[in-house]
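Below: one structure, written as structure tokens.
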Amino acid sequence: MIKVKSEEELVLMRKACEITRDTLNLIKQNIKPNVTTKELDKIAYDFIISKGAKPSFLHYEGYPYSICASVNEEIVHGFPSQNKVLKEGDIISIDVGACYKGYNGDAARTFPVGKISAKNKRLIKITEESFFEGIKGLKAGAFVGDISHKIQTYVEKNGYSIVRELVGHGVGKNLHEDPMVPNYGKSGYGAKLNKNTTIAIEPMVNMGERYVEFMPNGWTCVTRDGLPAAHYENTVLITEDGVEILTL
Ligand code: MF3
Ligand code: CO
194 MIKVKSEEEL VLMRKACEIT RDTLNLIKQN IKPNVTTKEL DKIAYDFIIS
244 KGAKPSFLHY EGYPYSICAS VNEEIVHGFP SQNKVLKEGD IISIDVGACY
294 KGYNGDAART FPVGKISAKN KRLIKITEES FFEGIKGLKA GAFVGDISHK
344 IQTYVEKNGY SIVRELVGHG VGKNLHEDPM VPNYGKSGYG AKLNKNTTIA
394 IEPMVNMGER YVEFMPNGWT CVTRDGLPAA HYENTVLITE DGVEILTL
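Using my numbering, the first residue of the sequence shown is number 194, and each one after it goes up by one.
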């Protein structure tokens, strides 16, 4: 069942999403060579708590950290670690959520560490652009498949592949709600999106093949071919005549 949010709920959603966005911006400022991903996790935790919110991911289905920090061939759900030291040329995907008065924001970005290769730059750019392709023309009455199809088409046209094992989702009181929002599919198919529904749209894009593997920790998803991947996610509100990107 897809929940429609009341105006009162949307006030809290907007606030949760602002905190989520501000956390990403703060982490961005702290990304540089020699920083550990554990330090970034602490920065996020402290900031979210200081805003009167809670990290949405911490203890979610047993997830042990406040952020996901996925470096290079790690696609999503990378565990922050004091042994993971960022180095010049890495790319790092940061995924974070803040829960404010019971409502969740969810967003992700892939950031460069220092100077990165032109290939990695392009991967990050196309991934980000695929999100904006996905929301083109999106408004109440659209189908989830409309988003999926636009993202897939744009990514594949640019020579990259879409991860299929993980998908976007509704978001609100729960971090993951109906509907699922795959980054691949057919226009006109899937759930219909009504006014005042909130969804997280999150393309995960591999530079090489689409295939993935999961690490022994049961969470971290990596590319099978070892090539890098990027992630871009925003929480989006569907309105009568368009969308409001709540985490931008
Ligand atoms: N944005 C990711 C997702 O929607 C982050 C979830 S990490 C988890 O699936 F730990 F909270 F599951
Ligand atoms: Co998400």
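By construction, the Cβ of each residue, glycine as well, lies at the ideal position given by its N, Cα and C atoms.
Spatial neighbours of Y382 in its own chain (CB-CB distance under 7 angstroms, excluding positions within 5 residues in sequence) are listed in chain order as F336, G338. Separation of C414 and T346 (C-alpha to C-alpha, rounded to the nearest whole angstrom) is 23 angstroms. DSSP lists N427 as the bridge partner or partners of I394. Exposed is the label assigned to G255, since fewer than 16 other Cβ atoms lie within 10 Å of its Cβ.
Distance from the Cα of G290 is smallest, within the candidate group E281, N265, K244, for K244. A direct Cα-Cα distance of roughly 26 angstroms separates K308 from T213. When secondary structure is reduced to three states using DSSP, T440 falls in the coil class, being assigned neither helix nor strand.
At a Cβ-Cβ threshold of 8 angstroms, T416 and I268 count as neighbours. Looking from the CA of V364, the closest CA among A311, S274, Y293, E433 belongs to Y293. Residue pairing by DSSP places I260 opposite V289 in a beta bridge.
R315 sits in a helix when the DSSP states are folded into three classes. Beta-bridge pairing by DSSP links T413 to no other residue. Note: M373 is bridge-paired with H362 in the DSSP secondary-structure output. Looking at D299, H252, I284, the one whose alpha-carbon comes closest to that of G361 is D299. Leaving aside the five residues that flank H342 on each side, the residues in its chain whose CB is nearer than 7 angstroms to its CB run, in chain order, G378, K379, S380. Taking non-hydrogen atoms of ligand 1 into account, the C-beta of L219 is found less than 7 angstroms away from none of them.
With fewer than 16 other Cβ atoms inside 10 Å of its own Cβ, F407 counts as exposed. Cβ neighbours of G334 within its own chain (closer than 8 angstroms, five residues either side excluded): K385, L386, N387.
Residue pairing by DSSP places T229 opposite V278 in a beta bridge.
Per DSSP, the continuous beta strand (DSSP E) segment holding N297 begins and ends at 296 to 305.
Here K221 carries a helix assignment [DSSP, helix/strand/coil].
At least one heavy atom of ligand 1 sits closer than 7 angstroms to the Cβ of H362.
Here DSSP, grouped into helix, strand and coil, assigns I340 to helix.
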